[in-house]
Amino acid sequence: ASGEYTVEAWVAPNNVAQENAYIASYSGSKDTSNFVLDQREYQYEVRARSDKTDNNGEPSLLTKDTDQDAQASLQHVVVTYDPVHGRKIYVNGNDTGDTDPLGSGGNLSNWDDTFAFILGDAPGDSDGKEQFLGLVKFVAIHDRALTPEQIQQNFAAGVGEKYFVLFDVSQLTNLSKAYVMFEVSQYDSYAYLFNKPTFISLDPTVKPGSLEIKGMRIGLNGHEAVVGQAYSTLDVTVTDADYSSDTGQLLSTVGTVIPLEKGPNSDQFFLTFEKIGPTTSSHDYSDKTVVSTTPPADLQPRPDAGFRNFEKLDATMSKLTGVSRNAVQTTYLQVQQQMPAIPDLDAFGSSNQIGIAQLGAAYCANLINSASLESAFFGSNLNLSASIDTTAQRSALISPIVAKFIGTGLKYQPDTAAATNELNSLIDKLCAKNGCPATPVVAKAVCTAALSSAITTIH
Numbered sequence: 263a264s265g266e267y268t269v270e271a272w273v274a275p276n277n278v279a280q281e282n283a284y285i286a287s288y289s290g291s292k293d294t295s296n297f298v299l300d301q302r303e304y305q306y307e308v309r310a311r312s313d314k315t316d317n318n319g320e321p322s323l324l325t326k327d328t329d330q331d332a333q334a335s336l337q338h339v340v341v342t343y344d345p346v347h348g349r350k351i352y353v354n355g356n357d358t359g360d361t362d363p364l365g366s367g368g369n370l371s372n373w374d375d376t377f378a379f380i381l382g383d384a385p386g387d388s389d390g391k392e393q394f395l396g397l398v399k400f401v402a403i404h405d406r407a408l409t410p411e412q413i414q415q416n417f418a419a420g421v422g423e424k425y426f427v428l429f430d431v432s433q434l435t436n437l438s439k440a441y442v443m444f445e446v447s448q449y450d451s452y453a454y455l456f457n458k459p460t461f462i463s464l465d466p467t468v469k470p471g472s473l474e475i476k477g478m479r480i481g482l483n484g485h486e487a488v489v490g491q492a493y494s495t496l497d498v499t500v501t502d503a504d505y506s507s508d509t510g511q512l513l514s515t516v517g518t519v520i521p522l523e524k525g526p527n528s529d530q531f532f533l534t535f536e537k538i539g540p541t542t543s544s545h546d547y548s549d550k551t552v553v554s555t556t557p558p559a560d561l562q563p564r565p566d567a568g569f570r571n572f573e574k575l576d577a578t579m580s581k582l583t584g585v586s587r588n589a590v591q592t593t594y595l596q597v598q599q600q601m602p603a604i605p606d607l608d609a610f611g612s613s614n615q616i617g618i619a620q621l622g623a624a625y626c627a628n629l630i631n632s633a634s635l636e637s638a639f640f641g642s643n644l645n646l647s648a649s650i651d652t653t654a655q656r657s658a659l660i661s662p663i664v665a666k667f668i669g670t671g672l673k674y675q676p677d678t679a680a681a682t683n684e685l686n687s688l689i690d691k692l693c694a695k696n697g698c699p700a701t702p703v704v705a706k707a708v709c710t711a712a713l714s715s716a717i718t719t720i721h
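Its first residue numbered 263, the sequence shown is counted upward by one per residue in the numbering used here.
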């Protein structure tokens, strides 16, 4: 009713290879949704239905693949929507900086309240290809767009149960009921978060005097943790002036992550100190010797250019043509394994090119067959009912393709004149062989040839 909303989630993806993995959605089917939050490899995607989108919330807002916002760790992901600013995505309290392709939002009058709220999968997913593989620790829906300050506050609050873990240091300090206390929570499936180390005595009459604590390390299951020793450089003096009988004295504002080994029910923790309390409670600590190794020999220089992989090709073709990725999903799933999996130029084969051409043909067919998309791409000069064998018709077909597929102002790009000549030569061959087939057929062929070429595949 407010015309705005927020989807807030704490999630830990299992990997950064899964695509179209639905985290949370308010959907009726794969093609009709009020909103969808999903993961596409290193990217988060948001579809939000309004009077400015189609019934599935397209065009979507997708985080930049180069930013790699989605990671296989516990993350706070927030999507806000309002009529003025449209969609925004925040990861771990920070705006990702991605701009809503619609500019502003719209109204929600076309929402369907018969849809279902779904976590971890797409509606009607019988093959499991849209499942989110990972941990969903928390999801909240707010009936307003949270402010950046509120999002930062929620991120700082964290998620999950927190425990006060007390380590008895009475014998080391000669102080009654003395403890080093941590705020501890399970960070994700692989680690614990230790935060706010505090010296405190449960005896309200205790005065610490001048108590030095230096070089504190966290151990578990009989050994010091190999990583996460953020307090190894700690050097703090607990004094009567800074100590409070109610809250103790905070030793550090830094938190640290310690690897999980056996799980919360079995892992046992302890602390070690280089020095705590009297001088007798100290020992020298030497870091483990790091064995030096011979630097590996440099490999042969690799080219700066490479091939876009299957996911990047699909996203690029969608962006260039204006055709939704959902419109060609069937073709994409069929040829996905036939397209480049890695950017290495040496690994590219003829089968890769065939897969790319099939995907390009699907995008171009959808572009030419849609009157609205065709008009938006080519403008009013191209007449699909007229003969292609005229200079004006050829220019109306080729010029937008060259301009939009090649672009301008890039450091490395094909020569515009050479690309135009190649496409004109293709039309000549089609006309010589088939007596100039219908313009839509030629248009699809020319579009596919350009979209599936090195113009698109190499970057």
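We treat Cβ as the ideally placed atom computed from N, Cα and C, and that holds for glycine.
Cβ contact check for the segment 617–626 and the segment 580–599: 3 or more pairs under 8 Å:
Judged by pairs of C-beta atoms under 8 Å, the segment 617–626 touches the segment 580–599, as three or more such pairs exist.
Could you compute how far the alpha carbon of T361 sits from the alpha carbon of L323?
Distance from the CA of T361 to the CA of L323, rounded to the nearest whole angstrom, comes to 8 Å.
Give the straight-line distance between the Cα atoms of A705 and S715, rounded to the nearest whole angstrom.
A705 and S715 have their alpha carbons spaced roughly 16 Å apart.
If you follow the beta strand (DSSP E) that P702 is part of, which residue opens it and which one closes it?
Where P702 is concerned, there is no enclosing beta strand (DSSP E), although the alpha helix (DSSP H) around it starts and stops at 701–713.
Just curious, the beta strand (DSSP E) that N457 is in, first and last residue?
Counting along the chain, the beta strand (DSSP E) containing N457 begins and ends at 453–463.
Taking 7 Å as the limit between beta carbons, can you name the residues of its chain near Y288, skipping five residues before and five after?
If we look at Y288 and ignore the five residues flanking it on each side, its Cβ neighbours are S295, N296, F297, F377, F379.
Please report the distance separating the alpha-carbon of P446 from that of P459.
It should be noted that the sequence gives Val, not Pro, for residue 446. Distance between the alpha carbons of V446 and P459 is about 10 Å.
From K695 to A627, what does the alpha carbon distance come to, in whole angstroms?
Roughly 21 Å between the two C-alpha positions.
Would Y505 count as contacting chain D if we go by Cβ distances under 9 Å?
No chain D is part of this structure, which consists of one protein chain only.
Once the 5 residues before and after V664 are set aside, which same chain residues still bring their CB inside 8 Å of it?
Beyond the five residues adjoining it in sequence on each side, V664 comes within less than 8 Å, by CB distance, of T678, A681, T682, L685, A712 in the same chain, given in chain order.
Using CA atoms only, rank isn't needed, just tell me which of I720, V398, I616 is closest to P565.
For the residues I720, V398, I616, the minimum Cα distance to P565 belongs to I720.
Helix, strand or coil for G617 per DSSP?
Correct three-state label for G617: helix.
If you measure between the beta carbons of L381 and V353, is that distance less than 9 Å?
Going by C-beta atoms, L381 is not nearer than 9 Å to V353.
Bridge partners - W272, DSSP secondary structure assignment
Beta-bridge partners of W272 (DSSP): H338, F400.
Within 10 Å of its beta-carbon, does T583 have 16 or more other beta-carbons around it, so buried, or fewer, so exposed?
Under this definition T583 is a buried residue.
Three-state secondary structure (DSSP) at G622?
Taken through DSSP and simplified to helix, strand or coil, G622 comes out as helix.
Taking Cβ to Cβ, would you say H404 is nearer than 9 Å to E307?
The Cβ-Cβ distance between H404 and E307 does not fall below 9 Å.
Which partner residues of M443 appear in the DSSP bridge assignment?
Under DSSP, M443 shares a beta bridge with L428, T460.
List in chain order: all unbroken alpha helix (DSSP H) runs of 4+ residues lying wholly within the segment 618–666.
Fully contained in the segment 618–666 are the following alpha helix (DSSP H) runs of length 4 or more, in chain order: 633–640.
Is there contact between the segment 327–334 and the segment 410–427, where contact requires at least three CB pairs shorter than 8 Å?
The segment 327–334 is not in contact with the segment 410–427.
Please report how far the alpha carbon of F535 lies from the alpha carbon of G477, in whole angstroms.
Their Cα atoms are separated by approximately 5 Å.
DSSP on I717, reduced to helix/strand/coil?
Helix, per DSSP.
Can you tell me which of P563, N416, A263, D430 puts its alpha carbon nearest to the alpha carbon of V339?
Measuring from the Cα of V339, the nearest candidate turns out to be N416.
Is the distance from the Cβ of D344 to the Cβ of G367 below 9 Å?
Taking 9 Å as the Cβ cut-off, D344 and G367 qualify as a contacting pair.
Between the alpha carbons of R656 and P662, how many angstroms are there, rounded?
Roughly 10 Å between the two C-alpha positions.
By the three-class DSSP mapping on this structure, what secondary structure does S287 have?
DSSP places S287 in the strand class (E or B) of the three-state scheme.
Smallest Cα separation from F432: which of P410, P605, P470?
Checking the displayed sequence, the identity of residue 432 turns out to be Ser instead of Phe. The candidate whose alpha carbon is nearest that of S432 is P470.
Proximity of S312 and N372 at Cβ, strictly below 9 Å
Judged by their CB atoms, S312 and N372 are nearer to each other than the 9 Å cut-off.
In angstroms with no decimal places, state the Cα-to-Cα distance between K691 and A700.
Approximately 14 Å between the Cα atoms of the pair.
Identity of the residues DSSP links to P521 by a beta bridge:
In DSSP, P521 forms a bridge with A453.
Rounded C-alpha distance that separates D387 from G290:
Their Cα atoms are separated by approximately 12 Å.
Taking the beta carbon of Y267 as the centre, do at least 16 other beta carbons fall within 10 Å, making it buried, or is it exposed?
With 16 or more other Cβ atoms within 10 Å, it is buried.
Contact test: K581 Cβ vs the ligand FMN heavy atom, cutoff 8 Å
By its list of ligands, the structure shown contains no ligand whatsoever, and the ligand FMN lies outside what it can speak to.
Roughly how many angstroms separate the alpha carbons of S580 and K350, rounded to a whole number?
Distance from the CA of S580 to the CA of K350, rounded to the nearest whole angstrom, comes to 21 Å.
Whole runs of the beta strand (DSSP E) within the segment 468–507, excluding any shorter than 3 residues:
Listed in chain order, the complete beta strand (DSSP E) runs (minimum 3 residues) inside the segment 468–507 are 472–482, 497–501.
In whole angstroms, what separates the C-alpha of Y449 from that of K524?
Their backbone Cα atoms lie some 15 Å apart in a straight line.
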